[in-house]
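Asks:
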Amino acid sequence: MPVTAALSGPAPVTAGEITVSGVSKSYGALPFRKEIVRDCTFTVARGKLTVMIGPSGCGKSTLIRLLAGFERPDEGTIKLDGVDISGPSRDRQVVFQETALFPWMTTYDNILYGPRARRQVTPRTLELAEVLLDKVGLREFRGKYPQQLSGGMQRRAELARALINDPTVMVLDEPFRGLDALTKELMWDYCARLFEESGRTHLFVTTDIDEALFLADSILVMANTPTALRAELIVDLPRPRKLADIGADDRANEIKRQALAILHEEAMRSFTPAGRAGPELAAARATAEVNR
Amino acid sequence: MGARTISPRALARGLVSVAVALLLWELGSRSKQWLGAGVFAPVRALLGALGFKETYLPCIGAVPPPSAVVHAWAGVIGDLGYWQSWGRSFLRVMGGFTVAMVVGVPFGLLLAVNRTAFGIAFPVFEVLRPIPPLAWVPASIIFWPTQELSISFVTFLGAFYTIVINVVGGARAIDGRFFQAARSMGSSRWDIFRRVILPGTLPSIVVGAVVGMGITWEVVVAAEMISGGGSQIGGTSGGGLGFFIWNSYVGGSYEQIVVGMVSIGIAGFISSELVRVLGRQITPWLRSR
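If you read the sequences in order, they're chains A and B. Add 250 to a position in the first sequence, counting from 1, and you land on the number used in this note's numbering. Add 890 to a position in the second sequence, counting from 1, and you land on the number used in this note's numbering.
1. Excluding five sequence neighbours on each side, which residues of the same chain lie with their C-beta closer than 8 Å to the C-beta of GLY525 of chain A?
2. MET1103 of chain B by DSSP, collapsed to three states: which one?
3. Note the first and the last residue of the continuous beta strand (DSSP E) segment covering ARG288 of chain A.
4. Strictly below 7 Å CB to CB, what residues from chain A border PHE1068 of chain B?
5. Please return the same chain residues whose Cβ sits closer than 8 Å to the Cβ of SER306 of chain A, not counting the five positions on each side in sequence.
6. Note the first and the last residue of the continuous beta strand (DSSP E) segment covering ARG480 of chain A.
7. Shorter than 8 Å, the distance from the beta carbon of ARG1166 of chain B to the closest heavy atom of the ligand PLP, or not?
8. Let me confirm a value: ASP241 of chain A is counted as buried when at least 16 other C-beta atoms fall within 10 Å, else exposed. Which label applies?
9. Less than 9 Å between the C-beta atoms of MET437 of chain A and GLY309 of chain A, yes or no?
10. Within 9 Å (strictly less), CB to CB, does ARG315 of chain A reach chain B?
11. Does the beta carbon of ALA318 of chain A sit closer than 9 Å to a beta carbon anywhere in chain D?
12. Whose C-alpha, out of B:GLU1038, B:ILE1031, B:ILE1082, B:LEU1164, is nearest the C-alpha of VAL1097 of chain B?
13. Residues of chain A with a CB under 7 Å from the CB of MET1075 of chain B: which are they?
14. Say whether the stretch 1049-1064 of chain B touches the stretch 325-337 of chain A, bearing in mind that this needs 3 or more beta-carbon pairs closer than 8 Å, one atom from each stretch.
15. In angstroms with no decimal places, state the Cα-to-Cα distance between VAL485 of chain A and ARG296 of chain A.
16. If we cut at 9 Å on Cβ distances, does TRP1175 of chain B have a partner in chain A?
17. Closer than 7 Å between beta carbons: that is the criterion. Which residues of the stretch 393-415 of chain A meet it against chain B?
18. Compute the Euclidean distance between the alpha carbons of ARG1005 of chain B and TRP1080 of chain B, then round it to the nearest angstrom.
19. Just to confirm the assignment, what range does the alpha helix (DSSP H) spanning LEU1168 of chain B have?
20. Output needed for ILE1082 of chain B: all residues of its chain with C-beta closer than 8 Å, excluding positions within five of it in sequence on either side, in chain order.
21. Could you give the first and the last residue of the continuous beta strand (DSSP E) run that contains LEU470 of chain A?
22. At a CB distance below 7 Å, what residues from the stretch 1002-1030 of chain B approach chain A? Give them in sequence order.
23. Would you kindly work out how many angstroms separate the C-alpha atoms of THR312 of chain A and ARG366 of chain A, rounded to a whole number?
24. In chain B, which residues lie less than 8 Å from VAL344 of chain A when you measure between Cβ atoms?
25. Cβ closer than 9 Å: which chain A residues qualify as neighbours of GLY1090 of chain B?
26. Check TYR277 of chain A in the structure and name its three-state DSSP category.
27. Could you check what DSSP says for GLY985 of chain B in three-state terms: helix, strand or coil?
28. Pop quiz: GLY449 of chain A and ARG411 of chain A are said to be a contact at Cβ under 8 Å. What is the actual Cβ separation, rounded to whole angstroms?
29. Give me the Cα-Cα distance between ASP423 of chain A and LYS329 of chain A, rounded to the nearest whole angstrom.
30. Using only the alpha-carbon positions, how far apart do LYS434 of chain A and LEU409 of chain A sit?
31. Okay, do the stretch 906-918 of chain B and the stretch 952-963 of chain B touch, 3+ Cβ pairs below 8 Å being the bar?
32. Report all residues from its chain with a CB closer than 7 Å to the CB of SER1030 of chain B; omit the five preceding and five following residues, and keep chain order.
33. If you measure between the beta carbons of SER271 of chain A and PRO476 of chain A, is that distance less than 9 Å?
34. Among the residues of its own chain, which have a CB less than 6 Å from the CB of GLY994 of chain B, if the five just before and after it don't count?
35. Would you mind sorting PRO1022 of chain B into buried or exposed? The rule is 16 or more other CB atoms within 10 Å of its CB.
36. Check ARG411 of chain A in the structure and name its three-state DSSP category.
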C-alpha cells in the first residue's frame, strides 16, 4: 500500500460507524448529583462527516469523553462497528478544544508520539510523518515547540498527530474555537478537504451553525442539559463546498433556520423559568439571523 | 526565564543599583564623622528623642564601611583558610542539595502518581515540613556520628521539603488532556510516566531546585555557627563561611564579619545561577516562548 493511501486514498470505507444507544451520565455525589446526558441515542454514519451542535455547556464534551473511552456511561451502550467501547484507543482520535500538543515536544516529536508510544516506528511511519508535515504545511516548523506556533498551526499539528495513527473515526471537539475569523474559515476549508480526501468517519462538535453547515453531511442538534438528540438534519449539499455558495443557498438557509430555532429554544431553557417566552423569542431571533 | 542576553541598559541599571547601595552604606557608616555638623542638629535631636545615640545613625552607623570591608577582604583573600571556608561550605551545600534532589524528586513523583503512597507518606511529611531545619540542629548533632554529617543533614532538610512540594504540585498540575491524548494514542503507563509526567514536571523541579538551593545556603551558615562548624578540624580554616563569620565576631573583627556575609551572598548567587542555567538547558521549550 502506498504511504499516502492512509490519507488520500478514497478507498471504500468499510468501518467507522458509531452507535450510541440509551446513554446516560451523571456527575457528583447525591444529593448534588447532576445528570449531564439522559437517554441519548444517535448514530454517526460511517464515512460521513457528522456535526454535533448544541448550546454551550449542554454536555457535548461529556459525550465526546464517553465516545473516546476516557469515561464509561452510567447506562446504555456505545459501539464502534458493533464492538463495545471499553477504553481509549487509536481507533478514535480526539482533537480537543484547546491544544493538547505536548509543550515539551517539537512539532515533529508530537506528530510521532503515537507510533513511538506503540513502538511502531517503521520506515513507513517516518515517511508518513513527512507526508503529513507537508500536508499540514508545517515542514519548516518541525523543530519548533507548540508555543512557537500560531493558533492555526497548532490545530494543524494536532490534526497531523491524530492522523498518523490512522484512526477509524476522527473526533473533533470544537477544534477551531478561539481562532480568529479568517483562520477559522481557512481551517474549515482545510478540514473539509481532509475529510473529502480520506472518506474517514468524522464527528465534529461545535456551537457555530455556519461551521456546521459548511462541514456537515448530517447535523445532530442536541438538547440542553441533560442532553440528548433533539433533531437530526441532513445537509445534502454537494461537495466540495464554498462558503459563499452556502450563504446564498436556499436549502442551506432553510436548514440553518430549523437548526437555529431548535438551538434558541434549547438555549432559552437555561434563562427563562419553564421556558415561557422561550419558543417565540427563539423563532423571532432565528428569523432575524436568516434575514441578516 | 526570558531573554538570555543582558541589554546594555539593564546592565547600566544593575551597576547604578550596586553603586548607590555602596555609596549609601559608606555614608551611613561614616555618620560619626558628619553627623556632628551644625546643619544636622535637628536630626541629632530626633535620634535622641527616639532613644538612639546622637553621635551616629542607628544600625548602619555601627557597621564598618565598604572601604574598610574591602580592605579587610584584601587581607584575607590571599589566606588559604578563607578559601577553605568557601570550599567547606560549598561541599556541604552541594552534598545536602544533591542528596535532597536524588531523594526528593523520585519521592515527590511517587507521591504524585501513587494515591496509596501519597495517603501513607503525606501526613507525616506535612507534620515534619513546618519544623525549621535549624530546629533539627541539636537532634542532628545527637544522632549523627560526625559533625560533618549533622551539618549536611540539616542542609539536606532545608532543600528537601521545597523540592518535594514543588514536584508533587508540578506533577499534579499537568493538564488532564495530555493524559487523555497519550492514552488515545496507545501509551502504556510507563510511557505516560516517561514522556508526559516527567517532562511535564521538569519546570517545577527546576523551580524547586532554585528555591531549595537558596534555602540550603541559609541553613548551612546557621548550622555551622550553631554547631561550631567543625572547629575541631582546624579553627577558621575548616569551619565554613558560617563559622568564619562567627569566629570574626568572637575575635572582634567586625570588618571580617561583613566580608563573610558578602561572601555568602556571592556564593549563594553563583549556586542559584548555576542551577538556573542547568534548568534552562533541560527545559528548552520554556526558553522559546
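We treat Cβ as the ideally placed atom computed from N, Cα and C, and that holds for glycine. All values reported here derive from a predicted model rather than from experimental measurement.
Replies: On the basis of the data shown:
1. Annotation note: pLDDT 43 at GLY525 of chain A (below 50); position unreliable, coordinate value reported separately. The answer, listed in chain order, is GLU515, MET518, ARG519.
2. helix
3. 284-294
4. ALA350, PHE352
5. THR457
6. 479-484
7. Of ligands this structure carries none, so the ligand PLP is not represented either.
8. Residue numbering for chain A in the displayed model covers 251 to 542; residue 241 of chain A lies beyond these limits and cannot be assessed.
9. no
10. yes
11. Absent from the structure: chain D. Protein chains present are A and B.
12. B:LEU1164
13. ARG340, TYR363, GLY364, ALA367, ASN415
14. no
15. 16 Å
16. yes
17. TYR395, GLN397, GLN398, ASN415
18. 16 Å
19. 1144-1172
20. PHE1069, ALA1072, ARG1073
21. 468-472
22. none
23. 29 Å
24. GLN1070, ALA1071, SER1074
25. PHE352, PRO353, TRP354
26. strand
27. helix
28. About 20 Å; that fails the 8 Å criterion.
29. 19 Å
30. 14 Å
31. yes
32. SER1040, PHE1043, VAL1044
33. no
34. PHE1050, ILE1053, VAL1054
35. exposed
36. helix
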